[in-house]
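K.L.:
Mind looking over this structure? Questions follow.
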Amino acid sequence: MTSALIADLEWRGLIAQTTDREALLKDLNAGPVTYYCGYDPTAPSLHVGNLVVLSVMRRFQLAGHKPLPLVGGATGLVGDPSGRNEERSLNDESIVEEWVSRLRNQISRFLDFDSSTNGAVMVNNLDWTKNMSALEFLRDVGKYFSVNQMLSKDSVSSRLEAGGISYTEFSYQVLQGYDFLELYRRHNCIIQLGGSDQWGNIVAGLDLIRKAEQGSAHAFTVPLMTKSDGSKFGKTASGAIWLDADMTSPYAFYQYWLNTEDADVPKFLKVFSFKDRAEIERLIETVQTNPGAREAHRELARELTTLVHGEKEALQAEAAGKALFGQGELSELDEKTLEAALAQLPRTTISKGESFPTWVDLLAATGVVDSKSAARRIVKENGAYLNNVKITGEEFAPSTDDLLYGRFLVLRKGKRDLAAVELI
RNA sequence: GGCGGGUUGCCCGAGCGGCCAAUGGGAGGGGACUGUAAAUCCCCCGGCUCUGCCUUCGAAGGUUCAAAUCCUUCACCCGCCA
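Next up, the structure:
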């Protein structure tokens, strides 16, 4: 028995592990099923690392199944020990609440909530845990869990070796297991998706469903994304690439994908792109036949930026990149294009009438570098540009003549790090 | 509870009274080569009002002309014994 969805996911390298594959296929082929995937509010935004599972969630929905995206209003208060070698510090309830609502918006972009047949339903595990008493929890849920099994979970045993784990985090798998049971009861949800590090937590839910309801459900995990050079996917020097436009601008987001190493492009296309197999294979070929054009990189960047930030933002990000990296003179850009491009960059302002600060001070003010020393170093090392023209001398300061359209300056550090200055 | 070892810059890790803003590696940054790629090579890599000054070596005190280095107390980690 086969399923087009599973076959496609397999080809894309998106299946790390599943429970009984035959049973899973049988259920998927029998008609639309309900599945869920949870996100804990551990930060104000999701990041590109979360994109892998988010896109798989989307693929399941496109195949006709019904998604229950879950935000961990409760689990976020407790802290998942998976993949961590030390205890998390607890976040304030009000902060977690705020993060929950942000996550909700971000997740929403990937799913269709309006379909009458398989529209997504957002759930929050705080809804069924908030009013539960500790005694209820211990008697109704805890009783089904064997400490022996809990201890053998990777997330727990590795922590025991690494120095210990609190009772709070130890209990995490019980909470997540209970989520699955609750969704099984309320929505007949029978599949949980997650990253491969979630296997133990997902299985905890399957066991609970079996014991409490004599029901059967499935676990589906997605591989951890890696890069060919061994560095961590989704991180840059300046930190994670966030999905929140205020934390990572659409321009920076677009640039992140555009700068993907050639070696990673085929994998990224398969994992992230919703184009069909033939088109992806064609794009992969262009990386071989005409690498300089970077057509595949552009497609990847455009598609993902559109998905995460919307078409308008994506087009702007793309246009900004083209404008700022173009061979032509910056002054040849029309004012509107320039303004739109600069709006996406880290920026600082200077007031009319004030004397111009030095290039070093301006760059430091945009936040592109951490200190003035760093900015000075850039000048010393010949990586400092004003309006795409190299400048020398730490004391160099722009003048009125350098202003584009009387109000803009474009600072560049090195080959591709841009920042904007506006006179106001 | 006892004995011993440890805590150094983003990470790992040398230093064990002055020559220490502190060896080395990794990460990161700039340059060259390119394609806003990778690999490679060269350079840089605490901060500042920058030929000098200021702040760092778990925390707080102390000894000394001088401490990351010695002493005291505290915190945390890791071994061995109970």
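Here the first sequence is numbered in my numbering, starting from 41 and rising by one per residue. Idealized CB from N, CA, C, for every residue including glycine.
(1) Can you give me the C-alpha to C-alpha distance between GLU375 and ALA354, rounded to a whole angstrom?
(2) According to DSSP, HIS87 sits in a beta bridge with which residue or residues?
(3) Taking the alpha-carbon positions, what's the LEU443 to TYR291 distance?
(4) Should THR398 go down as buried or exposed, given a rule of 16 or more other Cβ atoms within 10 Å for buried?
(5) Flag this pair as yes or no: are the beta carbons of LEU110 and VAL181 separated by less than 9 Å?
(6) Have a look at GLY361, SER95, LEU382 and LYS106 and flag the residue whose alpha-carbon is nearest the alpha-carbon of VAL262.
(7) For PRO263, does the three-state DSSP call read helix, strand or coil?
(8) From LEU298 to ALA357, what distance separates their C-alpha atoms?
(9) Would you call the CB atoms of SER186 and TYR212 closer than 9 Å?
(10) Evaluate the contact criterion for the stretch 250–268 versus the stretch 50–60: three or more CB pairs, one atom per stretch, below 8 Å.
(11) Return the CA-CA distance between SER155 and PRO438, expressed in angstroms with no decimal places.
(12) Could you give the distance in angstroms between the alpha-carbon of LYS453 and the alpha-carbon of GLU372?
(13) What residue range does the alpha helix (DSSP H) around TYR291 cover?
(14) Measure the alpha-carbon distance for HIS337 versus ALA252 and round it to whole angstroms.
(15) Count the other CB atoms within 10 Å of the CB of VAL429; is the residue buried (16 or more) or exposed (fewer)?
(16) Grab me the residues of LEU458's own chain with a C-beta within less than 6 Å of its C-beta, minus the 5 sequence neighbours each way, in chain order.
(17) What does the Cβ neighbour count give for LYS352, buried or exposed, with the cut at 16 atoms within 10 Å?
(18) Just to confirm the assignment, what range does the beta strand (DSSP E) spanning LEU463 have?
(19) With distance defined between alpha-carbon atoms, name the residue in ILE431, SER198 and LEU68 nearest to PRO121.
(20) So is MET41 buried or exposed if we call it buried at 16+ other beta carbons inside 10 Å?
(21) Ignoring anything shorter than 3 residues or poking outside the stretch 104–160, list the beta strand (DSSP E) runs there in chain order.
(22) Evaluate ILE242 with the Cβ neighbour count: other Cβ atoms within 10 Å of its Cβ, from every protein chain shown; 16 or more gives buried, anything less gives exposed.
(23) Quick one: grab the DSSP three-state call for MET41.
(24) Of the choices GLU209, ALA103, GLY89 and MET190, whose alpha-carbon is the least far from that of VAL311?
P.N.:
Let me lay it out:
(1) 20 Å
(2) TRP282
(3) 23 Å
(4) buried
(5) no
(6) With distances taken between Cα atoms, VAL262 lies closest to SER95.
(7) coil
(8) 11 Å
(9) no
(10) Contact holds between the stretch 250–268 and the stretch 50–60, because three or more Cβ pairs, one in each stretch, are under 8 Å apart.
(11) 56 Å
(12) The alpha-carbon atoms of LYS453 and GLU372 are separated by roughly 21 Å.
(13) 290–298
(14) 49 Å
(15) exposed
(16) LEU364, LEU385 and ARG452
(17) Here LYS352 is exposed: its Cβ has fewer than 16 other Cβ atoms, across all protein chains shown, within 10 Å.
(18) 457–463
(19) SER198
(20) With a pLDDT of 49 at MET41, under the threshold of 50, the predicted position of this residue should be treated as unreliable, and no value is reported.
(21) Fully enclosed beta strand (DSSP E) runs of 3 or longer: 106–111.
(22) buried
(23) Model confidence at MET41 stands at a pLDDT of 49, short of 50, so the residue's coordinates are unreliable and nothing is read from them.
(24) The shortest C-alpha separation from VAL311 is found at GLY89.
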